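Chains as they are written, first to last, in our numbering: chain B, 1 to 565; chain W, 1 to 346.
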């Protein structure tokens with residue numbers, strides 16, 4: 001029977017439509033997957049269901065009762081628990097205390113009797129601590145019981161979030177990217193855990209994750225969101241091969257790959273690298289997000305970094321531009337060693353980093369924002385070139401940046417980058433939260449950079465658009481670069497790049513088909529797809545391939561055949 | 001758990017017996033300072049609950065204390081009831097105001113909430129405690145005298161029974177402090193701390209934000225009001241001056257200085273606020289080497305607090321008590337490590 005019924009939910013933030021008439025049904029005992037590109041509205045939907053934000057339109061029913069006027073804690077009492085994408089544990093408490101809060105909160109305990117330590121409270125206290133320990137034991141977290149939540153590595157914190165949600169004895173569990181930042185092995189353990197939880201605690205789940213291998217493994221049914229709408233729904237096997245879904249993740253397939261880009265790549269190939277990153281490792285707190293990243297950008301070249309969410313692209317950019325300190329490795333920019341240099345020094349050398357969210361000041365006017373560039377270089381800058389490339393900004397020069405549309409704001413960020421006359425611009429998720437038409441315009445603008453001889457390092461979810469404009473690309477997977485190649489090459493192996501987003505399973509049929517017909521293409525194919533393999537293993541495979549004089553893909557195929565026998 | 005409770009009770013008892021005897025040997029001025037220290041200690045304790053536990057900012061704690069003082073003094077001198085009843089009325093009045101002030105806190109955070117509470121402190125200072133409209137009630141800027149009060153039928157005179165008032169205050173302070181330490185580690189305390197660490201998570205994990213935020217504001221105001229309602233008894237009069245805006249600001253500054261998350265820091269801060277200005281005015285002037293005359297009177301107190309606050313924020317971010325506690329804990333664990341090593345060697 002239907003446990004959660006969501007009907008025509010719409011949410012608008014200012015002018016942005018985050019959810020547009022989404023309907024969804026979740027049956028009792030089901031694990032429902034919710035996937036979609038960045039900014040598709042998945043977390044917004046979670047916030048609606050858990051009551052954190054109120055939808056502008058639509059209705060929700062949980063076990064037959066309307067959720068319309070229920071505040072968050074009331075929904076928790078009815079049995080809806082959730083985890084958070086950006087971890088929200090109570091950091092100053094121990095893990096065990098974290099688990100007892102939801103238990104007590106549901107038990108309607110009395111503040112005065114707690115403070116007086118009356119026998120009733122003391123008894124309840126013991127009971128909830130015992131239950132907390134039991135849950136931690138079941139989830140194999142027992143040894144962290146007395147550690148402060150804030151001190152734990154992010155991966156453990158994610159598991160504690162799940163444990164805390166389970167402590168509420170929920171009927172419905174909303175999991176927001178539980179696999180973010182986990183490596184392949186941890187992800188598969190998480191999949192086992194989720195299935196065990198369903199068996200043991202009889203919990204229905206709604207799962208948002210970018211790791212398709214997880215979604216495909218545990219979900220009974222999958223909804224695909226794109227630009228706030230339900231794009232497709234169906235069984236995982238059907239979703240996997242849905243052309244619409246592949247397009248949503250990779251962008252529209254281009255008709256004519258631009259020949260010009262390849263020419264430019266050939267032209268600049270001989271130059272010394274402008275940016276050279278070797279063996280880079282970086283992370284936050286206890287979490288190492290990227291390791292072993294080797295990457296070069298030559299002058300005037302457009303290079304794209306693609307890969308699933310949480311694969312480490314953004315962290316790599318941040319480590320290059322000095323926003324975080326690299327832990328290992330070396331960053332050379334324009335002949336200077338800038339490893340761990342302060343961000344302002346690196347930017348003075350001619351490296352502009354446009355971060356996710358664009359890094360603009362919402363209350364400044366367009367003109368003033370652009371004038372800031374002159375302040376940082378020390379002399380007044382002519383704004384004319386910016387307005388020449390972006391005529392739309394000339395019309396809105398007096399408008400506050402915060403009131404512009406998302407696409408126009410991105411234009412301001414790009415215009416500011418051009419005025420700074422950099423040698424390299426790094427753009428992070430330029431198209432995030434923007435409509436496809438706007439995205440296309442912005443990619444056109446990237447060509448302007450190329451014409452001016454400015455190199456571009458691009459992090460992008462829309463793979464197809466990125467590959468159209470780029471000369472070369474790096475494919476990130478699980479915190480390291482899994483493969484690289486010219487954009488044209490990767491574009492040809494379009495389906496294979498999809499592997500890094502939708503899980504390798506996508507390409508199994510393709511691999512088999514190719515295995516019979518085009519034996520030559522197949523090894524390359526596997527090389528791109530084998531991104532699921534940890535870096536160390538991959539290197540071993542490559543060594544083996546080298547000594548055997550074959551491609552790594554062929555070695556894998558041999559091994560697989562041996563295993564089958 | 002229970003053994004920890006016994007330890008806390010013992011610590012509170014020892015602190016009470018030691019502190020209750022100290023002012024007896026000094027002059028009346030010193031005894032008044034001691035009583036004032038406990039009253040201010042209540043104000044700081046209320047901030048420990050509100051800011052330290054629940055993470056809500058408030059710059060009107062002295063106003064809560066003032067409401068307690070005015071309500072209690074008024075009840076005692078108008079209706080000539082027993083002063084214990086007057087205290088109950090004072091606490092109740094402060095609690096009610098606290099809940100009302102808590103209403104905007106349901107929507108506001110951080111700096112905005114600070115401004116709103118500062119506004120409330122200003123309004124009460126200028127337009128309730130001092131204004132002529134309410135002077136029939138508050139006595140205007142001059143206040144009024146509370147000549148005598150009865151406690152359990154006994155006549156109390158502020159000048160003669162200062163020590164008695166101090167001891168009762170101190171006993172109450174120890175009880176409230178004990179309750180608050182208990183609260184911290186109890187279920188309700190965890191709900192409060194959950195709101196501080198992540199409101200979002202607290203709400204979605206079943207903590208009723210409305211209820212617990214209002215409760216926190218009410219309890220906090222009630223604690224401040226409890227201290228304040230003793231003021232007429234101790235000072236023999238009620239006037240706006242002790243409860244004006246700057247006392248609120250000073251309470252907030254001292255709470256941060258001493259460690260806003262720790263109950264003992266409240267007593268430390270209260271003593272600091274009561275004694276340092278008095279010592280400065282008493283001994284802060286004279287001549288140095290028979291030639292240089294100097295005068296570090298009360299005005300200097302503000303500067304001292306300001307400088308200390310800056311130094312503390314840089315060097316001891318968790319406050320004086322918080323830092324002290326951390327050092328002791330580190331030393332203890334280091335010592336334990338050494339002992340363990342020795343045992344292993346042996």
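For each residue, glycine too, the CB sits at the ideal point set by N, CA and C.
None of the values given here were measured: they were computed from a predicted structure.
Quiz prompt | Sheet register partners of residue 21 of chain B (DSSP bridge) | solution = Taking the first chain and counting its residues from 1, the one referred to as residue 21 of chain B is at position 21. In the DSSP output, where bridge partners are listed per residue, residue 21 of chain B has none listed.
Exercise. Would you list, in chain order, the members of the segment 172–193 of chain W that have their beta-carbon closer than 8 Å to a beta-carbon of chain B?
Key: Those would be 179, 180, 182, 183, 186, 187, 188, 189, 190, 191 and 193, in chain order.
Quiz item: Count the other CB atoms within 10 Å of the CB of residue 475 of chain B; is the residue buried (16 or more) or exposed (fewer)?
Solution: For the purposes of this step, residue 475 of chain B is taken as residue 475 along the first chain, with counting starting at 1. Buried is the call here.
Quiz item: Hey, is residue 117 of chain B's beta-carbon within less than 7 Å of any beta-carbon in chain A?
Solution: No chain A is present in this structure, whose protein chains are B and W.
Exercise. Report yes if the CB atom of residue 11 of chain B is closer than 7 Å to the CB atom of residue 44 of chain B, and no otherwise.
Key: Mapped onto the first chain, residue 11 of chain B falls at position 11. Mapped onto the first chain, residue 44 of chain B falls at position 44. Contact flag set, yes.
Quiz item: Going straight from the alpha carbon of residue 202 of chain B to that of residue 316 of chain B, what length do you get?
Solution: By one-based count along the first chain, residue 202 of chain B stands at place 202. By one-based count along the first chain, residue 316 of chain B stands at place 316. Approximately 41 Å, taken between the alpha carbons.
Self-check item: Cross-chain neighbours of residue 353 of chain W in chain B, by beta carbon under 9 Å
Solution: Examination of residue 353 of chain W is not possible in this model, given that chain W is present from 1 through 346 alone.
Quiz item: If contact means a Cβ-Cβ distance below 9 Å, which residues of the segment 199–210 of chain W contact chain B?
Solution: So the close ones are 200, 201, 202, 203, 204, 205, 206, 207, 208, 209 and 210.
Practice problem: Provide the residue span of the alpha helix (DSSP H) that contains residue 316 of chain W, from first to last. | Solution: By one-based count along the second chain, residue 316 of chain W stands at place 316. Careful: residue 316 of chain W lies outside any alpha helix (DSSP H) and carries neither H nor E.
Quiz item: Any idea what DSSP makes of residue 130 of chain W, helix, strand or coil?
Solution: Numbered from its first residue, the second chain carries residue 130 of chain W at position 130. Reduced to three states, the DSSP call for residue 130 of chain W is coil.
Practice problem: Give a yes or no on whether the minimum CB-CB distance between residue 111 of chain B and chain W is below 7 Å. | Solution: The count along the first chain starts at 1 and reaches residue 111 of chain B at position 111. Judged by the 7 Å Cβ criterion, residue 111 of chain B is in contact with chain W.
Quiz item: Taking the runs of the beta strand (DSSP E) that are 3 residues or longer, which of them lie wholly in the segment 436–481 of chain B?
Solution: Complete beta strand (DSSP E) runs here, min 3: 455–459 and 472–477.
Practice problem: Mind checking who residue 60 of chain B pairs with in its DSSP beta bridge? | Solution: As a position in the first chain, residue 60 of chain B is number 60, starting the count at 1. Note: residue 60 of chain B is bridge-paired with B/6 in the DSSP secondary-structure output.
Exercise. Kindly indicate if chain B contains any beta-carbon less than 7 Å away from that of residue 19 of chain W.
Key: Start at 1 with the first residue of the second chain, and residue 19 of chain W comes out as number 19. With 7 Å as the cut-off, residue 19 of chain W does not count as an interface residue toward chain B.
Quiz item: Would you call the CB atoms of residue 479 of chain B and residue 289 of chain B closer than 7 Å?
Solution: Here residue 479 of chain B refers to the residue found at position 479 when the first chain is read from its first residue. Here residue 289 of chain B refers to the residue found at position 289 when the first chain is read from its first residue. Cβ distance < 7 Å, so residue 479 of chain B and residue 289 of chain B count as in contact.
Practice problem: Measure from the alpha carbon of residue 6 of chain W to the alpha carbon of each residue in W/178, W/266 and W/144, then state which is nearest. | Solution: Residue mapping note: residue 6 of chain W aligns to position 6 of the second chain, counting from 1. Closest in alpha carbon position to residue 6 of chain W, among W/178, W/266 and W/144, is W/178.
Exercise. Leaving aside the five residues before and after residue 247 of chain W along the sequence, list all residues of the same chain whose C-beta is less than 6 Å from its C-beta, in chain order.
Key: The sequence position of residue 247 of chain W within the second chain is 247, counting from 1. Here the set comprises 62.
Practice problem: Starting from the Cα of residue 412 of chain B, find the closest Cα among B/1, B/139 and B/400 and give me that residue. | Solution: In the first chain, residue 412 of chain B corresponds to position 412, counting from 1. Between residue 412 of chain B and the set B/1, B/139 and B/400, the nearest pair of CA atoms involves B/400.
Quiz prompt | residue 520 of chain B (DSSP reduced to helix, strand or coil) | solution = Numbered from its first residue, the first chain carries residue 520 of chain B at position 520. In this prediction, residue 520 of chain B scores a pLDDT of 30, lower than 50, which makes its location untrustworthy; the coordinate-derived value is nonetheless stated afterwards. In the structure shown, residue 520 of chain B falls within a coil segment according to DSSP collapsed to helix, strand and coil.
Practice problem: Flag residue 5 of chain W as yes if its beta-carbon sits less than 7 Å from any beta-carbon of chain B, otherwise no. | Solution: Position 5 of the second chain, counted from the start, is the residue given in the question as residue 5 of chain W. Yes, residue 5 of chain W lies at the interface with chain B (some Cβ there is under 7 Å from its Cβ).
Quiz prompt | Limits of the alpha helix (DSSP H) - the one that residue 53 of chain B falls within | solution = Here residue 53 of chain B corresponds to residue number 53 of the first chain, with the count starting at 1. Looking at the DSSP string, residue 53 of chain B is not in any alpha helix (DSSP H), and its letter there is neither H nor E.
Quiz prompt | Burial state of residue 35 of chain W, where buried means 16 or more other Cβ atoms lie within 10 Å | solution = Residue 35 of chain W sits at position 35 when you count from the first residue of the second chain. Burial call: buried.
Quiz item: Excluding the five sequence neighbours on either side, which residues of its own chain have a C-beta within less than 6 Å of the C-beta of residue 139 of chain B, listed in chain order?
Solution: The residue labelled residue 139 of chain B in the question sits at position 139 within the first chain. Excluding positions up to five away in sequence, the list reads 163.
Quiz prompt | Extent of the continuous beta strand (DSSP E) run through residue 405 of chain B | solution = Within the first chain, numbered from 1, the residue matching residue 405 of chain B stands at position 405. Per DSSP, residue 405 of chain B belongs to no beta strand (DSSP E) and is neither H nor E.
Exercise. Give the secondary structure of residue 486 of chain B by DSSP, where H, G and I count as helix, E and B as strand, and everything else as coil.
Key: Here residue 486 of chain B corresponds to residue number 486 of the first chain, with the count starting at 1. Residue 486 of chain B carries a strand assignment under DSSP once its states are collapsed to helix, strand and coil.
Quiz prompt | Residues from the segment 190–216 of chain B in contact with chain W, defined by Cβ distance under 7 Å | solution = Correct list: empty, as no residue qualifies.
Quiz item: When DSSP labels each residue in this structure, what does residue 382 of chain B get in the three-state scheme?
Solution: Taking the first residue of the first chain as position 1, residue 382 of chain B is located at position 382. It is coil, neither helix nor strand.
Quiz item: Is there contact here, the segment 186–198 of chain W with the segment 111–128 of chain B, by at least three beta-carbon pairs under 8 Å?
Solution: Result yes; three or more Cβ-Cβ pairs closer than 8 Å.
Quiz item: Which residues of chain B have a Cβ atom closer than 9 Å to the Cβ of residue 318 of chain W, listed in chain order?
Solution: Along the second chain, read from residue 1 onward, the residue named residue 318 of chain W stands at position 318. In chain order: nothing, as chain B lies at least about 11 Å away.
Quiz item: If we count the other Cβ atoms within 10 Å of its Cβ and call it buried at 16 or more, is residue 75 of chain W buried or exposed?
Solution: One-based indexing of the second chain puts residue 75 of chain W at position 75. In summary, residue 75 of chain W is buried, with 16 or more beta-carbon neighbours lying within 10 Å of its beta-carbon over all protein chains present.
Quiz item: Taking only runs of the alpha helix (DSSP H) that begin and end inside the segment 100–178 of chain B, which ones reach a length of at least 4 residues, in chain order?
Solution: Listed in chain order, the complete alpha helix (DSSP H) runs (minimum 4 residues) inside the segment 100–178 of chain B are 111–116, 119–138 and 154–167.
Quiz item: For the putative contact between residue 171 of chain B and residue 128 of chain B, defined by C-beta atoms under 8 Å, what is the C-beta separation to the nearest angstrom?
Solution: The residue given as residue 171 of chain B occupies position 171 in the first chain. The residue given as residue 128 of chain B occupies position 128 in the first chain. Contact doesn't hold; Cβ gap of about 19 Å is too wide.
Exercise. Could you tell me whether any non-hydrogen atom of the ligand FAD is closer than 6 Å to the CB of residue 76 of chain W?
Key: Annotation note on the ligand FAD: not contained in the displayed structure, which lists no ligands.
Practice problem: Name, in chain order, the residues that DSSP records as bridge partners for residue 288 of chain B. | Solution: Position 288 of the first chain, counted from the first residue, corresponds to residue 288 of chain B. Beta-bridge pairing links residue 288 of chain B to B/283.
Quiz item: Listed from N- to C-terminal order along the chain, which residues in the segment 293–318 of chain W have their beta-carbon within a distance smaller than 9 Å of any beta-carbon of chain B?
Solution: Going along the segment 293–318 of chain W in chain order, one finds no residue with a Cβ nearer than 9 Å to chain B.
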